[in-house]
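Following: one structure in structure tokens, then a few remarks.
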Amino acid sequence: NFPVKDVNSQDLVCRTSDMSSANTETCDVTAGSTVGVVFKADGSPESVVFDRSHKGPCLVYMAPMSSNGKGDVWFKIFEEGYDKANNNWCSEHVIDANGQLDIPLTADIADGEYLLRAEIIALHTAFDVGGAEFYANCVQIRVSGGGSAKPTGVSIPGVYKADDPGIHFNIYKEIEGYTIPGPKLYVAGST
1 NFPVKDVNSQ
11 DLVCRTSDMS
21 SANTETCDVT
31 AGSTVGVVFK
41 ADGSPESVVF
51 DRSHKGPCLV
61 YMAPMSSNGK
71 GDVWFKIFEE
81 GYDKANNNWC
91 SEHVIDANGQ
101 LDIPLTADIA
111 DGEYLLRAEI
121 IALHTAFDVG
131 GAEFYANCVQ
141 IRVSGGGSAK
151 PTGVSIPGVY
161 KADDPGIHFN
171 IYKEIEGYTI
181 PGPKLYVAGS
191 T
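If you're matching positions, the sequence shown starts at 1 in UniProt numbering and goes up one per residue.
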């Protein structure tokens, strides 16, 4: 369960640049429903999620399967960062839920096959530029019952810079605010 630390690495896409060994099973989902992804150290139900010190945001992107994740095709459908009122991070919510992160899909997304990329950015060593750890994995989904929305995308890698405010961040100082990295979140009806 290794992280990616280089924001320019092809491994940033799905934590591997070699998709030849990827499981090619596709999950059927309905637009407007909730999809659950699970973060586990080794994939087994008994496995720990990751150490609680690995605090940071959760982000989820989608890209048309036909793109194979290449080019400006990734659009962000979920983001959760730091909750100042409760003094906790999305990563802590995932740990408390035994590794599960529930992601609502918009009802207007076009039917079709997509890569769904779920990511936690661990910021425990991000006080140094290049210290953030990216834990991303991809699954294949087939969306039905949707609309016609085909949101504008960004490229991964290319979406982040090592010195972006939400990537180069000291979680050990008092946190007044946190800027979630990446593009704007896609919401139904936007582009």
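Idealized CB from N, CA, C, for every residue including glycine.
Over the uninterrupted beta strand (DSSP E) stretch that includes residue i, give me the two end residues.
i	result
V4	First-last for V4: undefined, no H or E at that position.
For residue i, list the residues DSSP reports as bridge partners.
i	result
D102	G36
F127	Partner(s): none; F127 has no beta bridge.
P64	Y114
A136	E119
C58	E80, I120
Going by alpha carbons, who is nearest to residue i out of the options?
i	options	result
I121	V60, V187, T34, T30	V60
G99	V35, K40, H54, R117	K40
Compute the distance between the beta-carbons of residue i and residue j, then report whether it is under 8 Å.
i	j	result
A110	G56	no
Y135	M65	no
S155	D72	yes
D96	G36	no
T34	S144	no
C58	V4	no
Y178	G189	no
V13	G69	yes
Along the chain, where does the alpha helix (DSSP H) that runs through residue i open and close?
i	result
C90	90-96
Could you pull out every residue in the same chain whose Cβ sits closer than 6 Å to the Cβ of residue i, ignoring the five residues on either side in sequence?
i	result
I171	K55, L123
I141	C27, V29, Y114, L116
Excluding the five sequence neighbours on either side, which residues of its own chain have a C-beta within less than 7 Å of the C-beta of residue i, listed in chain order?
i	result
G153	A63, D72, V73, W74, F75
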